[in-house]
Amino acid sequence: MNLIYVLISMILGYGFGCFQTAYFIGKMNQIDIREHGSGNAGTTNALRTLGKGAALCTFLGDALKGMIAVWIVRFFIAPLVPELNPTFLSLITGFFAVLGHNFPFFLNFKGGKGIATTAAITMAIDWRMGLISLIIFVTLCVITRYVSVASITLLIAFPITMTIFHGKEKGYISMLLVAFCYTALGIYRHRANIERLKNGTENRLGTKKNV
1 MNLIYVLISM ILGYGFGCFQ TAYFIGKMNQ IDIREHGSGN AGTTNALRTL GKGAALCTFL
61 GDALKGMIAV WIVRFFIAPL VPELNPTFLS LITGFFAVLG HNFPFFLNFK GGKGIATTAA
121 ITMAIDWRMG LISLIIFVTL CVITRYVSVA SITLLIAFPI TMTIFHGKEK GYISMLLVAF
181 CYTALGIYRH RANIERLKNG TENRLGTKKN V
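Be aware that the sequence shown starts at 1, since it is given in full-length UniProt numbering, and climbs by one per residue.
So this is what it looks like as structure tokens:
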């Protein structure tokens, strides 16, 4: 029976994640954003391709879909299975929302990198984790002006903050494994950025070149 609720949470998360904010905003501007700039359907590419307004709308859309999916599961589904840790169920839901964002079935599985969605999910699960994620991201963006560096550091911090705030909960090992899945997937999606960082060719915020 528990597996049924886990599967429902996975499907719900993936469904919400498939809503591609940047893609739809691009279509409103008569372009497929995946064919411009870095080819990524996310906030940074929306900023460089369509400007600040489009980037803000993309960020809000990508953040809200992750938060809403997690809240639905946390407040409406998790109470139906009290033997499952609601944080674990929320993490599973959020991870599949990120999968939906990164690999939307209706766009041939070509989406974004899931950073805005991941950050919002941490906020929906635990505001303290979300606040730390926000501070890390903003601080590193300001200091380095590399969105990729800020994003990767945020991802690495996820299992750490999970341990700090939820390390004594029932099912912690399972939660930690899911948190590591977020980290591994996000770093994998940033592999091209990592290569450019190594080569010194990664673009900083404020540059005009699209990467």
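Every residue gets a Cβ at the ideal spot worked out from N, C-alpha and C, and that includes glycine.
Only counting the same chain, and skipping five residues up and downstream in sequence, which positions put a Cβ closer than 6 Å to that of residue i?
| i | result |
| --- | --- |
| ARG74 | PRO86 and SER90 |
| THR122 | MET129, GLY130 and SER133 |
| ASP126 | PHE165 |
| GLY15 | none |
| LEU154 | SER133, ILE136 and PHE137 |
| PHE59 | THR43 and ALA116 |
| ALA150 | PHE137, LEU140 and CYS141 |
| GLY61 | THR21 |
| LEU47 | ALA55 |
| SER174 | PHE88 |
| GLY37 | ASN45, ARG48, THR49 and ASN210 |
Quick one, are the C-beta atoms of residue i and residue j less than 9 Å apart?
| i | j | result |
| --- | --- | --- |
| ILE11 | PHE96 | yes |
| ARG189 | GLY94 | no |
| SER133 | THR118 | yes |
| ALA41 | GLY100 | no |
| ASN199 | ILE152 | no |
| ASN45 | ALA78 | no |
| THR49 | GLY26 | yes |
| VAL70 | GLY186 | no |
| LEU197 | SER148 | yes |
| ALA120 | LEU177 | no |
| CYS18 | PRO104 | yes |
| GLY66 | ALA124 | yes |
Excluding the 5 residues preceding and the 5 following residue i in the sequence, name in chain order all residues of the same chain whose CB lies nearer than 8 Å to its CB.
| i | result |
| --- | --- |
| ALA179 | LEU91, PHE158, PRO159 and MET162 |
| GLU83 | ASN2 |
| ASN29 | LEU50 and ALA54 |
| VAL6 | LEU84, LEU89 and ILE92 |
For a test of your reading of the model: does the CB of residue i fall under 8 Å from any non-hydrogen atom of the ligand ATP? Yes or no.
| i | result |
| --- | --- |
| PHE158 | The ligand ATP is absent from the structure shown, which contains no ligands of any kind. |
With a threshold of 9 Å between beta carbons, is residue i in contact with chain D?
| i | result |
| --- | --- |
| VAL73 | Note that chain D does not occur in the displayed structure, where there is just one protein chain. |
The alpha helix (DSSP H) with residue i in it runs from where to where?
| i | result |
| --- | --- |
| GLU195 | 191–199 |
| ARG48 | 43–50 |
| GLY13 | 2–17 |
| SER148 | 147–166 |
| PHE26 | Before going further, note that residue 26 is Gly rather than Phe in the sequence given. 21–28 is the extent of the alpha helix (DSSP H) around GLY26. |
Can you name, in chain order, every residue of its own chain whose Cβ lies under 7 Å from the Cβ of residue i, other than the five neighbours on each side?
| i | result |
| --- | --- |
| ILE156 | THR183 |
| TYR172 | HIS166 |
| GLY206 | ARG145 |
| VAL81 | ASN2 and TYR5 |
| ILE8 | ILE77 |
| LYS170 | ASN85 |
| THR201 | none |
| ARG191 | none |
Could you name each continuous alpha helix (DSSP H) segment of 4 residues or more that falls completely within the region 77–145, going from the start of the chain to the end?
Counting only runs of 4+ residues, the alpha helix (DSSP H) found wholly inside the region 77–145 occupies 86–102, 115–125 and 127–144, in chain order.
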